[in-house]
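Protein chains in written order, with my numbering: chain A, 251 to 420; chain B, 251 to 420. Here a beta-carbon is modelled for each residue, glycine too, at the ideal position from N, C-alpha and C. The model shown is predicted, which means the values in this text are computed figures rather than measured ones. One structure below.
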């Protein structure tokens with residue numbers, strides 16, 4: 251079970267970025283997202299809607315107490331931060347982990363996260379985006395195989411197309 | 251020269267996502283971002299500030315006429331869309347291109363983009379994020395080497411760290 255924990259959501263500012271984090275978690279092979287910070291049911295609902303329409307068994311929920319969730323997690327916890335150890339140096343140790351929590355923050359991450367997480371991992375040591383860090387991390391973790399993941403029970407399935415839009419089911 | 255063209259920016263809604271697109275372009279080895287849609291000097295300025303502080307030669311500017319920029323581009327144009335051909339099937343043909351424009355849309359992409367672009371490429375056929383699509387595309391294009399890119403003339407340089415934050419220069 252690969253779970254993504256999004257920290258520090260702010261309803262007014264992070265609506266779209268948090269939604270992107272959750273959609274990336276789903277599309278790149280995670281099983282679950284927990285949204286922490288300000289409670290935002292609209293984001294959780296929109297993720298559930300996407301999952302229903304596009305298939306798979308991804309789940310999303312609000313987590314009030316992120317510290318408890320992080321401390322109590324049975325598995326390896328990985329915090330993505332530009333201050334961490336380079337992805338390439340760490341990902342080999344992580345591949346094959348059955349239970350992993352991947353933590354991504356919003357603007358300010360509490361200092362405790364750095365000590366509570368088993369690994370602090372950087373996807374470049376440059377400022378960019380938790381959305382991108384999560385995607386590239388999962389892409390490397392799954393060795394690119396997540397790109398072919400099938401999502402069972404989908405209402406919509408796309409057919410790859412050189413030009414325009416094609417649907418296998420709609 | 252690898253250039254990223256961000257289409258359809260809306261000042262009110264896309265401020266943070268467009269900023270993430272631009273920061274990802276820089277961090278993952280592109281040379282330039284052009285922001286199209288509603289003019290938003292604050293986003294352009296914030297990218298310039300990051301580049302100054304964190305080094306490298308990345309440039310950012312507003313592009314009023316995206317169609318002209320796309321049509322007039324001397325090189326290969328690649329539109330990232332979940333409707334396109336799978337990344338793995340296309341990226342081999344693209345590696346080594348010296349001049350490439352990578353196009354990412356906001357919510358609605360004009361149909362012309364699909365026909366004007368040389369390649370429509372999907373990073374999964376699932377809905378997620380243009381930020382993630384751009385990161386994983388550039389990561390595959392550069393075969394992961396972009397993760398070690400050095401940014402010359404930086405005011406800040408981070409030192410990878412297992413716990414906490416370390417600076418090589420600040």
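In this chain, residue 331/B is not harboured by any alpha helix (DSSP H); it is covered by the beta strand (DSSP E) spanning 326–336. The DSSP-derived three-state label of residue 265/B is helix.
Three or more Cβ pairs drawn from the stretch 359–373 of chain A and the stretch 328–341 of chain A lie within less than 8 Å of each other, which places the two stretches in contact. If you look at residue 259/A, you'll find it in the beta strand (DSSP E) that goes 252–259. Using a 10 angstroms sphere on the CB of residue 362/A, the tally of other CB atoms stays under 16, which defines it as exposed. In the pairwise beta carbon analysis, the stretch 301–321 of chain B is classified as touching the stretch 399–414 of chain B: at least three pairs are separated by under 8 Å.
In the DSSP assignment, residue 407/A forms a beta bridge with 419/A. For the stretch 370–386 of chain A, residues whose beta-carbon sits nearer than 9 Å to a beta-carbon of chain B comprise 370, 372, 373, 374, 375, 376, 377, 378, 379, 380, 381, 382, 383, 384, 385 and 386. The beta carbon of residue 384/B lies closer than 8 Å to those of 254, 271, 274, 275, 278, 330, 352 and 354 in the same chain, with the five residues before and after it left out.
Using a Cβ-Cβ cut-off of 8 Å, residue 411/A counts as an interface residue toward chain B, since at least one Cβ of chain B sits closer than that to its own. Linking residue 398/A to residue 335/B through their CA atoms gives a straight-line distance of about 12 Å. Look at residue 287/B: its C-beta is not under 8 Å from any C-beta on chain A. With contact defined as three or more Cβ pairs closer than 8 Å, the stretch 313–327 of chain A and the stretch 282–298 of chain A are in contact. Between the C-alpha atoms of residue 400/B and residue 345/A there is a straight-line separation of about 27 Å.
Assignment of beta-bridge partners to residue 382/A by DSSP yields no partner.
Judged by their CB atoms, residue 267/B and residue 381/B are nearer to each other than the 8 Å cut-off.
When the beta-carbon positions are compared, residue 387/B and residue 337/B come within less than 8 Å of each other. Relative to the Cα of residue 357/A, the nearest Cα in the group 410/A, 293/A and 379/A belongs to 379/A.
Residue 321/A: not part of any beta strand (DSSP E); member of the alpha helix (DSSP H) spanning 316–321, first to last residue. At a cut-off of 8 Å between beta carbons, residue 280/B makes no contact with chain A. In the same chain as residue 311/A, and ignoring 5 residues on each side of it, the C-beta atoms closer than 7 Å to its own belong to 284 and 294, in chain order. Burial is judged here by how many other beta carbons sit within 10 angstroms of a residue's own beta carbon; residue 290/B has at least 16 and is buried. Within the model, the alpha-carbon separation for residue 282/B versus residue 297/B is close to 11 Å. Residue 343/A sits away from residue 365/B, with the two beta carbons spaced by 8 Å or more.
Chain order gives no chain A residues near residue 395/B, where near means a beta carbon separation below 8 Å; the closest approach is about 10 Å.
When secondary structure is reduced to three states using DSSP, residue 346/A falls in the coil class, being assigned neither helix nor strand. Residue pairing by DSSP places residue 271/B in no beta bridge whatsoever. Interface residue (Cβ-Cβ distance to chain A less than 8 Å): residue 320/B is not classified as such. Looking at the backbone, the Cα of residue 415/A and that of residue 322/B are separated by about 25 Å.
In this structure, residue 390/A and residue 359/A do not form a Cβ contact; the two beta carbons are roughly 21 Å apart against a cut-off of 8 Å. Bounds of the beta strand (DSSP E) holding residue 371/A are 369–372.
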